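Notes follow once the structure below has been shown.
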């Protein structure tokens, strides 16, 4: 058992290294595009022409294609889809610069990164099988999403919105720990192309981090006057 763990460590470390590198590239691309979209004035054109709905649909399509066709598509196409999603998400994320003060965004981004790092360490170090978490986490996310939509269209309650932000934030804490732990197992799955598995893992962690950051920003962010 100990011998297998020693043999798997270099592969595992290489996988995590590539995964976090691609996650960083995705976040960097989103951040640059988000700031450019806002500072160039493109954001206001998007708002005036009501293009955000189309952008959200395009993001959803990119994620679905990535998830459903990941095993069949070559690594280059998978990588392109990843950066297409990161770019589209960067455009939609430009809204945070219109709503929150820049200092607050930077501070809470750093805080989110620290929290994400701690959660990643927990997921990496635990020896427990967390596969049973999958169903519960999905149910909690669906419940949180449904309640958020109900509140948005029917109640518009700021108190309920704050409660849901905390609830969904807690769920993504669990999702992050689960995803990091799952990456350790994915490297041993024979049916996954090891040349592109790190892109899939990077997408999962990218989504986890963005959701954690947005919830923390919504709860603690200082809004523009």
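Numbering (the numbering used here), first residue to last: 53 to 277.
Idealized CB from N, CA, C, for every residue including glycine.
Computed from a prediction, not measured in an experiment: that's the story for all the values here.
Close beta carbons around residue 55, own chain, < 8 Å, minus the five adjacent residues each side: In the chain shown, counting from the first residue as 1, residue 55 sits at position 3. With a pLDDT of 43 at residue 55, under the threshold of 50, the modelled position of that residue is not reliable, and the figure given next carries that caveat. Correct list: empty, nothing qualifies.
Which residues DSSP lists as bridging residue 152, in chain order: Position 100 of the chain shown holds residue 152. Per DSSP, 275.
Beta-carbon proximity list for residue 271, same chain, < 6 Å, skipping 5 on both sides: As a position in the chain shown, residue 271 is number 219, starting the count at 1. These residues qualify, in order along the chain: 217.
Sufficient close CB pairs (3 or more, under 8 Å) joining the stretch 116-130 to the stretch 178-194: No, the stretch 116-130 is not in contact with the stretch 178-194.
Closest Cα partner of residue 234 within the set 185, 101, 265 and 268: In the chain shown, the residue the question calls residue 234 occupies position 182. Of 185, 101, 265 and 268, the residue nearest in Cα terms is 185.
Where residue 53 falls: helix, strand or coil (DSSP): Indexing the chain shown from 1 puts residue 53 at position 1. Model confidence at residue 53 stands at a pLDDT of 40, short of 50, so the residue's coordinates are unreliable and nothing is read from them.
Euclidean distance between Cα positions of residue 251 and residue 262: Position 199 of the chain shown, counting from 1, holds the residue named residue 251. Position 210 of the chain shown, counting from 1, holds the residue named residue 262. If you take the alpha carbons of residue 251 and residue 262, they lie about 16 Å apart.
Backbone CA spacing between residue 194 and residue 209 [nearest angstrom]: Position 142 of the chain shown, counting from 1, holds the residue named residue 194. Position 157 of the chain shown, counting from 1, holds the residue named residue 209. Separation of residue 194 and residue 209 (C-alpha to C-alpha, rounded to the nearest whole angstrom) is 19 Å.
Run of the alpha helix (DSSP H) containing residue 278, from where it starts to where it stops: The requested residue 278 is not part of the displayed model; the chain covers only 53 to 277.
Range covered by the alpha helix (DSSP H) that runs through residue 127: The count along the chain shown starts at 1 and reaches residue 127 at position 75. 127-145 is the extent of the alpha helix (DSSP H) around residue 127.
DSSP state of residue 172 mapped onto helix, strand, coil: In the chain shown, residue 172 corresponds to position 120, counting from 1. Three-state result, residue 172: helix.
Host alpha helix (DSSP H) of residue 247 (start-end): Taking the first residue of the chain shown as position 1, residue 247 is located at position 195. From DSSP, residue 247 is part of no alpha helix (DSSP H); its letter is neither H nor E.
Expected contact under 8 Å - CB spacing of residue 259 and residue 148 to nearest Å: Sequence index remark: in the chain shown, residue 259 carries index 207 (1-based). Sequence index remark: in the chain shown, residue 148 carries index 96 (1-based). Contact between residue 259 and residue 148 is absent: CB atoms are separated by about 16 Å, not below the 8 Å threshold.
Cβ pair residue 138, residue 82 closer than 7 Å: The sequence position of residue 138 within the chain shown is 86, counting from 1. The sequence position of residue 82 within the chain shown is 30, counting from 1. Contact: yes.
Check whether residue 238 and residue 220 have beta carbons under 7 Å apart: Working through the chain shown from its first residue, we reach residue 238 at position 186. Working through the chain shown from its first residue, we reach residue 220 at position 168. Cβ distance not < 7 Å, so residue 238 and residue 220 don't count as in contact.
Within 7 Å, strictly: CB atoms of residue 189 and residue 226: Counting from 1 along the chain shown, the entry for residue 189 is found at position 137. Counting from 1 along the chain shown, the entry for residue 226 is found at position 174. Contact annotation: residue 189 and residue 226 have beta-carbon atoms nearer than 7 Å.
Where residue 178 sits in the DSSP three-state scheme: Your numbering for residue 178 matches position 126 in the chain shown. Coil, per DSSP.
Proximity test, residue 142 beta-carbon vs the ligand NAP heavy atom, cut-off 6 Å: Looking for the ligand NAP in the displayed structure turns up nothing, as the structure carries no ligands at all.
C-beta contact flag for residue 264 and residue 146 at 7 Å: As a working note, residue 264 is residue 212 in the chain shown. As a working note, residue 146 is residue 94 in the chain shown. Taking 7 Å as the Cβ cut-off, residue 264 and residue 146 do not qualify as a contacting pair.
Reduced DSSP secondary structure (H/G/I, E/B, other) of residue 267: Counted from its first residue, the chain shown places residue 267 at position 215. Taken through DSSP and simplified to helix, strand or coil, residue 267 comes out as helix.
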